[in-house]
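Colleague: Quick one: the structure is below, questions incoming.
Residue numbers (our numbering), protein chains in the order written: chain D, 263 to 604; chain Y, 963 to 1228.
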């Protein structure tokens, strides 16, 4: 499609992203002078050792995670909204996050129900991530099997929602039979968290993220033709079934890995695509995919900065912030501007 | 007739309808006709007789229950997705989902079969799009959003999209539904003119029977028992129009050569 000059928008957004990135790193319970943070980031080593560790091993991975999670979820939301031609769709409509939650619930809560079947005392980040991935993958597998059977794209949406309810019910049963401390532990996971990722975990996260992001580029064309509806897309030579499966796999992969490492983070995936569509007033995915990615990363960085409450010891769960601040903003935008479209 | 060199599309014992798990719902069977290159053809018949199903089968949106469809003398089953997209373009009755697409962008989507993996438009693509916009008289609207257009304008945009797809055959399902008399005639004239200037073959389904009998080169008349094809004059000779509605209210008047209303309530 013909492109309007959006370069200015993109440059401005990238600069903003970079500023929020630096701001995010400069925040935390230990106050470190901005100059020292900057010198640490560009590889200087004549800064206090403890400060270097804080910046390089805690704050930097967290800020990068925020960008990965924010951009990944936003793109998944965009893909789902176009695929299902439904502005209410988000990355979690397929039940992926419910699947991941079920995996984690089985790991944390299951130990008291099934006895010593699972290792109880030491639940590491890795085992959480693996349990979440397995759960997400199982639901993904079921949804794709169903998608192969179903002609109607809308039915897949409903199947996804049903899987969500089903896993929710299983988790409720598990929680009923669990002890308070375990329920608390599960609850903490479900609050979402961007920190706690080591560099080795970041490497796994980052490579899957990059694969997903590059794969997105291959569905720009089918997604644009899907704006006309499935029959027109088909008449333009698009293989609907194949494109549908590719979109589902990309979304599941990204949301699966994101949920595995940072918990089910709400709202971003639903809201950011709409922010991108309002800001860029286009439906062209060649513009919307990078736009959603940049805005998504930026929004989550801002949310994380708010969650840290400057100069405070406390951090509010990121999942609460995204909805607490995000929902009113989107409502305000909707009231101010016109209607919402796919 | 099917062997004629000029035929772009022909059917052999085609049966159309819907196949569900075990049973088939046949809407019409034993369909044999051929469509000549560069003509304007209309499929007419009463509601529910299978006009849309026939068009959907001809454009391979759905499979025939039986028989064969030949496109350019080649069995339609041998066409790949992309090859078909370069041969037949569609204008459907379904509404295009609401989006922020501009008129230009929507018409540009017609170039998808020719664009590269990331959908960038070449010089030739831009030329074709511009030609489609000019042919449908949309120059002043090309930067408007599609959601702001009237039904008649939107229909022209969808026709322009089909034109930019640059196919030999264009299939339009009820292109004049919801349009006023003036817009309806405008669309018919546009289609007629396109068959003359571009040698494209156009197949439409329509309820504008009187207009179709006057403006189309050939008609495909679907009635309960039989399918008639031919020019208006030939069809009148075959009494093809007499039983189209099987009703006293609308009858074909041989003297006037058009359908007239015989209502008791006037």
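We put the CB at the ideal spot given by N, CA and C, even for glycine. Just so you know, these numbers come straight off a predicted model, no measurement behind them.
#1: Using a Cβ-Cβ distance under 8 Å, would residue 271(D) count as near chain Y?
#2: Looking only at its own chain, which residues have a Cβ that is under 6 Å from the Cβ of residue 317(D), when we skip the five neighbours before and after it?
#3: Which of helix, strand or coil does DSSP assign to residue 1230(Y)?
#4: Going along chain Y, which residues have a C-beta under 9 Å from residue 527(D)?
#5: Answer yes if the region 1187 to 1197 of chain Y comes into contact with the region 1017 to 1026 of chain Y, meaning at least three C-beta pairs across the two stretches below 8 Å, and no otherwise.
#6: Would you verify that the beta carbon of residue 1110(Y) is, or is not, closer than 8 Å to some beta carbon of chain D?
#7: Thinking C-alpha only, which one of 343(D), 282(D), 320(D), 290(D) is nearest residue 485(D)?
#8: Verify the CB distance criterion: does residue 347(D) have a CB-CB separation below 8 Å to chain Y?
#9: When you check each C-beta in the region 1072 to 1102 of chain Y against every C-beta of chain D, which residues fall closer than 7 Å?
#10: Using the beta-carbon count (16 or more within 10 Å), is residue 407(D) buried or exposed?
#11: Terminal residues of the continuous beta strand (DSSP E) containing residue 558(D)?
#12: Rounded to whole angstroms, what's the CA-CA distance from residue 1058(Y) to residue 322(D)? Just pull it up for me.
#13: Quick one: which residues of the region 489 to 502 of chain D get their C-beta closer than 9 Å to a C-beta of chain Y? List them in chain order.
#14: Just the C-alpha distance for residue 1014(Y) and residue 1023(Y), rounded to the nearest angstrom, thanks.
#15: State buried or exposed for residue 246(D), treating a residue as buried only when at least 16 other CB atoms are found within 10 Å of its CB.
#16: Is residue 397(D) near residue 363(D), with beta carbons less than 8 Å apart?
#17: How about residue 1196(Y): is its C-beta nearer than 8 Å to some C-beta of chain D?
#18: Tell me which residue opens and which closes the alpha helix (DSSP H) that residue 1067(Y) is part of.
#19: Looking at the secondary structure, which residues open and close the alpha helix (DSSP H) in which residue 1035(Y) lies?
#20: Considering only DSSP beta bridges, list what residue 969(Y) is partnered with.
#21: Please return the same chain residues whose Cβ sits closer than 8 Å to the Cβ of residue 988(Y), not counting the five positions on each side in sequence.
#22: Just grab the DSSP bridge partners of residue 1167(Y) for me.
#23: Tell me whether the beta-carbon of residue 559(D) lies closer than 8 Å to the beta-carbon of residue 332(D).
#24: If contact is defined by three or more beta carbon pairs under 8 Å, each pair taking one atom from either stretch, is the region 1046 to 1053 of chain Y in contact with the region 1082 to 1091 of chain Y?
#25: Using beta-carbon positions only, say whether residue 246(D) and residue 474(D) come within less than 8 Å of one another.
#26: Taking Cβ to Cβ, would you say residue 394(D) is nearer than 8 Å to residue 521(D)?
#27: Let me know the secondary structure DSSP gives residue 1062(Y) once reduced to three states.
#28: In its own chain, which residues sit with a C-beta less than 8 Å from the C-beta of residue 1003(Y), not counting the 5 before and 5 after it?
#29: Return no unless some Cβ of chain Y is closer than 8 Å to the Cβ of residue 414(D).
#30: Is residue 1140(Y) close to chain D, meaning its C-beta is less than 8 Å from at least one C-beta of that chain?
#31: Hey, out of 1123(Y), 1132(Y), 990(Y), whose CA is closest to residue 981(Y)'s CA?
#32: Could you tell me the alpha carbon to alpha carbon distance between residue 432(D) and residue 448(D), rounded to whole angstroms?
#33: Out of 1094(Y), 1214(Y), 1072(Y), point me to the one whose CA is closest to residue 1172(Y)'s CA.
#34: Out of 461(D), 477(D), 459(D), 348(D), which one is the CA nearest neighbour of residue 419(D)?
#35: Is the shortest distance between the beta-carbon of residue 486(D) and the beta-carbons of chain Y less than 8 Å?
#36: Determine the burial state of residue 1113(Y): buried for a count of at least 16 other Cβ atoms within 10 Å of its Cβ, exposed for fewer.
Modeller: According to the data block:
#1: No - not a single Cβ of chain Y is within 8 Å of the one on residue 271(D).
#2: Exclusion of the five residues before and after residue 317(D) leaves 299, 302 as the residues of its chain whose Cβ lies within less than 6 Å of its Cβ.
#3: Past the boundaries of the shown model lies residue 1230(Y); chain Y is included only from 963 to 1228, so the question cannot be answered.
#4: Counting only Cβ-Cβ distances below 9 Å, residue 527(D) has no contacts in chain Y at all, with the closest Cβ about 27 Å away.
#5: No: the two stretches stay apart, fewer than three of their Cβ pairs being nearer than 8 Å.
#6: Taking Cβ atoms only, chain D never reaches closer than 8 Å to residue 1110(Y), which makes this a no.
#7: Taking only the C-alpha atoms, the option nearest residue 485(D) is 343(D).
#8: Closer than 8 Å to some Cβ of chain Y, the Cβ of residue 347(D) qualifies, so yes.
#9: Listed by position along the chain: 1074, 1075, 1079, 1080, 1081, 1083.
#10: It counts as exposed.
#11: Going by DSSP, residue 558(D) is part of no beta strand (DSSP E) but of the alpha helix (DSSP H) stretching over 547 to 569.
#12: As the crow flies, the alpha-carbon of residue 1058(Y) is around 45 Å from that of residue 322(D).
#13: Here the close residues are 489, 490, 491, 493, 494, 495, 496, 497, 498, 499, 500, 501.
#14: Between residue 1014(Y) and residue 1023(Y), the C-alpha separation is close to 11 Å.
#15: As shown, chain D starts at 263 and ends at 604. That puts residue 246(D) outside it, with no answer to give.
#16: Contact: yes.
#17: Not closer than 8 Å to any Cβ of chain D, the Cβ of residue 1196(Y) fails to qualify, so no.
#18: Note, residue 1067(Y): alpha helix (DSSP H), 1065 to 1070.
#19: Where residue 1035(Y) is concerned, there is no enclosing alpha helix (DSSP H), given that its DSSP letter is neither H nor E.
#20: Residue 969(Y) pairs with 998(Y).
#21: Excluding sequence neighbours, residue 988(Y) sits near 977, 978, 979, 1027.
#22: Per DSSP, 1005(Y), 1135(Y).
#23: It is a contact, given that the beta carbons lie within the stated cut-off.
#24: They do not touch, by the three-pair rule.
#25: The structure shown does not extend to residue 246(D), since chain D is modelled only from 263 to 604, so the question has no answer here.
#26: For residue 394(D) and residue 521(D), yes; Cβs fall inside 8 Å.
#27: Residue 1062(Y) falls in the coil class under three-state DSSP.
#28: Same-chain partners within the cutoff: 997, 1163, 1164, 1165, 1166, 1178, 1179, 1180, 1181, 1182.
#29: No, no contact with chain Y.
#30: Interface flag for residue 1140(Y) against chain D is unset, since no Cβ pair is found closer than 8 Å.
#31: For residue 981(Y), the closest of 1123(Y), 1132(Y), 990(Y) by C-alpha to C-alpha distance is 990(Y).
#32: One C-alpha to the other measures close to 14 Å.
#33: Residue 1214(Y) holds the alpha-carbon nearest to the alpha-carbon of residue 1172(Y) among 1094(Y), 1214(Y), 1072(Y).
#34: That would be 348(D), whose Cα lies nearest to the Cα of residue 419(D).
#35: Yes, residue 486(D) counts as interfacial toward chain Y.
#36: With fewer than 16 other Cβ atoms within 10 Å, it is exposed.
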